[in-house]
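In this note's numbering, the protein residues as written are 1 to 296.
We treat Cβ as the ideally placed atom computed from N, Cα and C, and that holds for glycine.
In this text the structure is predicted, and so the values were computed from the model without any measurement.
Notes to accompany the following structure.
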Amino acid sequence: MTSDSLQGRTINGYRLLKQMGEGGTALVYRAEHPDRGTTAVKVLRHRLAEDPVAVKRFLSEADLGKRVSHPNIVKTYDYGQAEGLYYLALEWVEGEPLANFATRSGPLAPTVVATIVEQIGGALAAAHKGRIIHRDLKPANIMFDPATQRATLLDFGIARDTESNPDERLTRAGFFVGTLQYVAPETLSGALVNEQADVYSLATIAYYLLTGEHPFNGKNPRELFQQLLTQNPVPLSQATKGLKFPPAVEAAVMQGLMRDLSQRTKTVDEFAAAFCTAVRSTEDPKGGFLKKLFGR
């Protein structure tokens, strides 16, 4: 628990029971509400409450999250300012960050990866239909419940409204936002990106979940930055020794990772459909053929 923890406080009816996580800008709590029951409440750090850019970004996350509804997107209940604090109240989602699950489990069975890609692809498609580009898609921003295999998309903190005025961006031109291992190459210039940037990130997640590795193996940010801009990703079947994938599966993932936008898969729906069809067409209920194909 941090020194500025608010555990025990009540904000607009949400009693903060336990701090569950923290980031550079906000603390996250498990909370109880008299009508909604268990919820998650994100609270902007007190030191940032006087920073207009930080406040605007925090409220933008809340507004964008409330604008889109999908079974695999965390529900936004309400947000605002109360008791001198900026807060965002969200659905409580069972499970753990997909990043934690994947680290503990190692490479996942392709059918499990297909289940995750299908759900997150649907969530992103709903966001794109609502004119929202997520821009920070990564396993840490996906909750996963192993018991139900439900995947839930979180955190619209750096998402972009495609109809917003470019002059009102919260990120300066020439600076990229996101996590380097998962951002699309075109993001690195700080330029406005379209939904194909989310396609690239979803393909990177599929690659990582299948292999336990990332498409580029730069040892530091500078090297990784250069690789993203100038090199082709490591082919899927060469990422991890002993793991080989059917050509259709590899083709679906690698097309989602194309640096050239004219060659990259156009939409998340198209990527999810191609990937899931490729995986499931090689599925064998007895596991033998699938095991042979995937090296499992």
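Under the three-state DSSP convention, the category residue i falls into
| i | result |
| --- | --- |
| F175 | Below a pLDDT of 50, predicted positions are generally treated as unreliable, and F175, at 44, falls in that range; the measurement from the model is reported next regardless. Coil, per DSSP. |
| Q181 | coil |
| Q19 | strand |
| R67 | helix |
| M258 | coil |
| H214 | coil |
| R47 | helix |
| L88 | strand |
| F144 | strand |
| V268 | helix |
| D198 | helix |
| L193 | Position check: residue 193 holds Val in this sequence, whereas Leu was assumed. Correct three-state label for V193: coil. |
| R36 | coil |
| A278 | helix |
| L170 | Low local confidence applies: a pLDDT of 43 at L170 is under 50, so the model's placement there is unreliable, and no value is given. |
| E96 | strand |
| K42 | strand |
| G24 | coil |
| Q119 | helix |
| Q81 | strand |
| L153 | strand |
| T230 | helix |
| T357 | Nothing about residue 357 can be reported from this structure: the residues present for the chain run from 1 to 296 only. |
| T204 | helix |
| R30 | strand |
| T76 | strand |
| T240 | coil |
| K56 | helix |
Cβ-Cβ distance between residue i and residue j below 9 Å
| i | j | result |
| --- | --- | --- |
| Y207 | L257 | yes |
| I205 | P97 | no |
| R264 | Q196 | yes |
| V193 | A184 | yes |
| T277 | L236 | no |
| E94 | I11 | no |
| S281 | A251 | no |
| M20 | Y29 | yes |
| L59 | V74 | no |
| D63 | L124 | no |
| F275 | A114 | yes |
| W92 | G37 | yes |
Closer than 8 Å: residue i CB and nearest the ligand MN heavy atom
| i | result |
| --- | --- |
| K244 | The ligand MN is not part of the structure shown, which contains no ligands of any sort. |
With 16 other Cβ atoms within 10 Å as the buried cut-off, status of residue i
| i | result |
| --- | --- |
| V268 | buried |
| G121 | buried |
| L229 | exposed |
| N72 | buried |
| E50 | exposed |
| D35 | exposed |
| N232 | exposed |
| D155 | buried |
| Y77 | buried |
| Q119 | buried |
| E61 | buried |
| T187 | buried |
| P107 | buried |
| V53 | exposed |
| S201 | buried |
| R172 | Its pLDDT being 44, under 50, R172 is placed unreliably by the model, and nothing is read from it. |
| D260 | exposed |
Interface flag, residue i vs chain D, CB-CB below 9 Å
| i | result |
| --- | --- |
| S105 | Annotation note: the requested chain D is absent from the structure, which comprises a single protein chain. |
Rounded distance between the beta-carbons of residue j and residue i, thought under 8 Å
| i | j | result |
| --- | --- | --- |
| L16 | A31 | 5 Å |
| T240 | E213 | 6 Å |
| P110 | V279 | 5 Å |
| L243 | I116 | Actually they are not in contact, since the Cβ atoms of L243 and I116 sit about 18 Å apart, beyond 8 Å. |
| L85 | Y79 | Rounded, the Cβ-Cβ distance is 11 Å, inconsistent with contact. |
Worksheet item: Three or more C-beta pairs closer than 8 Å, one from the stretch 210–219 and one from the stretch 140–155: is that the case here?
Response: No: fewer than three Cβ pairs fall under 8 Å.
Discussion item. For the pair the stretch 41–49 and the stretch 11–31, tell me if three or more CB-CB distances fall below 8 Å.
Written reply: Contact holds between the stretch 41–49 and the stretch 11–31, because three or more Cβ pairs, one in each stretch, are under 8 Å apart.
Discussion item. Measuring CB atoms only, is the stretch 119–133 touching the stretch 64–71, in the sense that at least three cross pairs come out at less than 8 Å?
Written reply: Judged by Cβ distances under 8 Å, the stretch 119–133 makes contact with the stretch 64–71, as three or more pairs qualify.
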